[in-house]
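Asks:
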Amino acid sequence: MAHILIVDDEMTIRELLKFNLEKEGYRVTCAADGEEALAFMDNTKYDLVLLDLMLPGVNGLEVCRKMRSDRTLANIPVIMLTAKGEEIDKVLGLELGADDYITKPFGVRELLARIKVRLRRTSLEKDEEVITRGDLKIELNSFTVTIRGEAIDFTPKEFELLRLLVSHPGKVYTRDELLEKIWGYEYPGDTRTVDVHIRHVRQKVEKDPANPEYIETVRGIGYRFKGKS
Numbered sequence: 005m006a007h008i009l010i011v012d013d014e015m016t017i018r019e020l021l022k023f024n025l026e027k028e029g030y031r032v033t034c035a036a037d038g039e040e041a042l043a044f045m046d047n048t049k050y051d052l053v054l055l056d057l058m059l060p061g062v063n064g065l066e067v068c069r070k071m072r073s074d075r076t077l078a079n080i081p082v083i084m085l086t087a088k089g090e091e092i093d094k095v096l097g098l099e100l101g102a103d104d105y106i107t108k109p110f111g112v113r114e115l116l117a118r119i120k121v122r123l124r125r126t127s128l129e130k131d132e133e134v135i136t137r138g139d140l141k142i143e144l145n146s147f148t149v150t151i152r153g154e155a156i157d158f159t160p161k162e163f164e165l166l167r168l169l170v171s172h173p174g175k176v177y178t179r180d181e182l183l184e185k186i187w188g189y190e191y192p193g194d195t196r197t198v199d200v201h202i203r204h205v206r207q208k209v210e211k212d213p214a215n216p217e218y219i220e221t222v223r224g225i226g227y228r229f230k231g232k233s
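See the structure below:
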């Protein structure tokens with residue numbers, strides 16, 4: 005069963021999450037601050053991290069940034085826990101590579117559902133498969149994206165988003181459809197999640213992200229992949 009790292013400075017939250025996750029069969033490790041969490045990740049491979057935003061010392065945003073800049077940690081899914089309701093905090097978390105967020109107080113059942121979705125959707129395909137579109141190549145078995153011969157690092161959510169669009173060239177996906185297909189549940193009205201990830205993907209695959217060759221914005225609707233097959 006998946007090994008989950010809980011990072012939260014509140015003991016009651018850690019104990020509550022640990023109890024419920026272990027009851028579901030997960031292996032669980034707890035860290036009380038960002039520095040401890042990063043030390044744990046240096047020595048142990050985790051399948052998912054539940055990361056509090058407001059941590060003493062090294063905060064959750066900095067932990068997330070360091071994870072995404074470390075090749076060995078970059079693909080670990082991160083669900084950010086935050087008691088702050090400001091939109092800017094949620095957007096910052098997504099900008100730094102968090103895959104999801106949930107605002108305290110939260111329902112344990114909802115969190116467990118999100119964890120299951122995240123783990124299911126980030127598992128790699130066992131069968132070898134390669135998708136090629138022009139200068140873009142996606143190797144599904146190795147979670148690799150190559151553009152113009154150069155391998156580019158992608159977070160799990162960026163990879164899933166690119167794979168979906170590339171697999172259906174010309175098809176227009178609304179933001180709501182992308183939320184449902186990639187995230188597996190609804191952010192009520194929060195389609196900025198899609199826009200943030202689309203921007204990240206464009207920065208990695210487009211020669212000029214302001215004038216995209218591959219991922220096109222369909223004004224008022226959503227996005228589509230327009231590269232040649």
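So the mapping is simple: the numbering used here equals the position in the sequence shown, first residue as 1, plus 4. C-beta: ideal position from N, C-alpha, C; glycine also. Predicted model, so just to flag it, every value in this text is computed and none were measured.
(1) Val62 and Ile8: beta carbons closer than 9 Å?
(2) Roughly how many angstroms lie between the CA atoms of Val209 and Glu217, to the nearest whole one?
(3) Would you identify the three-state DSSP class for Arg124, choosing helix, strand or coil?
(4) Alpha carbon to alpha carbon, how far is Leu128 from Thr148?
(5) Tell me, to the nearest whole angstrom, how far the beta carbon of Asp103 is from that of Val134; I am working on the premise that it is less than 8 Å.
(6) Helix, strand or coil, according to DSSP, for Thr197 in the structure here?
(7) Using the Cβ count rule (16 or more neighbours within 10 Å means buried), how would you classify Arg118?
(8) Assuming the contact rule is C-beta atoms closer than 8 Å, Glu28 and Leu116 should be a hit. Round their C-beta distance to whole Å, please.
(9) If you measure between the beta carbons of Thr86 and Met58, is that distance less than 9 Å?
(10) Name the residue from Arg113, Leu169, Thr159 whose alpha carbon lies nearest to the alpha carbon of Ser146.
(11) Using a 10 Å radius around the Cβ and a threshold of 16 neighbouring Cβ atoms, would you call Lys161 buried or exposed?
(12) Taking the beta strand (DSSP E) that Glu154 falls in, what are its first and last residues?
(13) May I have the straight-line CA-CA distance separating Leu166 from Val222, to the nearest angstrom?
(14) Can you look up Val62 in the DSSP assignment and give me helix, strand or coil?
(15) Return helix, strand or coil for Asp104, following the three-state DSSP convention.
(16) If I measure Cβ to Cβ from Glu220 and keep anything under 6 Å in the same chain, skipping five residues before and after, which residues do I get?
(17) By DSSP, does Asp56 sit in helix, in strand, or in coil?
(18) From Met5 to Met84, what distance separates their C-alpha atoms?
(19) Looking at Ala43 and Val11, is the spacing between their C-beta atoms short of 9 Å?
(20) Hey, could you find the ends of the beta strand (DSSP E) Glu143 is sitting in?
(21) With DSSP as the reference, label Ala35 as helix, strand or coil.
Replies: So, from the data block:
(1) Your numbering for residue 62 matches position 58 in the sequence shown. Your numbering for residue 8 matches position 4 in the sequence shown. Not closer than 9 Å, so no.
(2) For this step, residue 209 is matched to residue 205 along the sequence shown. For this step, residue 217 is matched to residue 213 along the sequence shown. So the alpha carbons of these two residues sit roughly 9 Å apart.
(3) The residue you call residue 124 lines up with position 120 of the sequence shown. Arg124 falls in the helix class under three-state DSSP.
(4) Reading the sequence shown from its first residue, position 124 is the one you call residue 128. Reading the sequence shown from its first residue, position 144 is the one you call residue 148. For Leu128, the predicted structure reports a pLDDT of 46, less than 50, and the residue's modelled location is therefore unreliable. The matter cannot be settled from this model.
(5) As a working note, residue 103 is residue 99 in the sequence shown. As a working note, residue 134 is residue 130 in the sequence shown. Asp103 to Val134, Cβ: 24 Å. No contact.
(6) For the purposes of this step, residue 197 is taken as residue 193 along the sequence shown, with counting starting at 1. Here Thr197 sits in helix by DSSP.
(7) For the purposes of this step, residue 118 is taken as residue 114 along the sequence shown, with counting starting at 1. Answer is buried; the Cβ neighbour count reaches 16.
(8) Against the sequence shown, residue 28 aligns to sequence position 24. Against the sequence shown, residue 116 aligns to sequence position 112. Under the criterion of beta carbons closer than 8 Å, Glu28 and Leu116 qualify as touching, at roughly 6 Å.
(9) Here residue 86 refers to the residue found at position 82 of the sequence shown. Here residue 58 refers to the residue found at position 54 of the sequence shown. Contact: yes.
(10) Residue mapping note: residue 146 aligns to position 142 of the sequence shown, counting from 1. Scanning Arg113, Leu169, Thr159 for the CA closest to the CA of Ser146 turns up Thr159.
(11) In the sequence shown, the residue the question calls residue 161 occupies position 157. Lys161 comes out buried.
(12) Walking along the sequence shown from the start, residue 154 turns up at place 150. It spans 154-156 - the beta strand (DSSP E) in which Glu154 sits, taken as one unbroken run.
(13) Along the sequence shown, one-based indexing puts residue 166 at 162. Along the sequence shown, one-based indexing puts residue 222 at 218. Answer to the nearest angstrom: the Cα atoms are 16 Å apart.
(14) In the sequence shown, residue 62 corresponds to position 58, counting from 1. Looking at Val62 - three-state DSSP - the assignment turns out to be coil, as it is neither helix nor strand.
(15) The sequence position of residue 104 within the sequence shown is 100, counting from 1. Looking at Asp104 - three-state DSSP - the assignment turns out to be strand.
(16) Counting from 1 along the sequence shown, the entry for residue 220 is found at position 216. If we look at Glu220 and ignore the five residues flanking it on each side, its Cβ neighbours are Arg228, Lys230.
(17) Here residue 56 corresponds to residue number 52 of the sequence shown, with the count starting at 1. Note: Asp56 maps to strand in three-state DSSP.
(18) Translated into the one-based positions of the sequence shown, residue 5 becomes position 1. Translated into the one-based positions of the sequence shown, residue 84 becomes position 80. Their backbone Cα atoms lie some 21 Å apart in a straight line.
(19) Looking up residue 11 in the sequence shown gives position 7. Looking up residue 43 in the sequence shown gives position 39. Not closer than 9 Å, so no.
(20) The count along the sequence shown starts at 1 and reaches residue 143 at position 139. Taken as a continuous stretch (DSSP letters only), the beta strand (DSSP E) holding Glu143 covers 140-143.
(21) Within the sequence shown, numbered from 1, the residue matching residue 35 stands at position 31. Three-state result, Ala35: strand.
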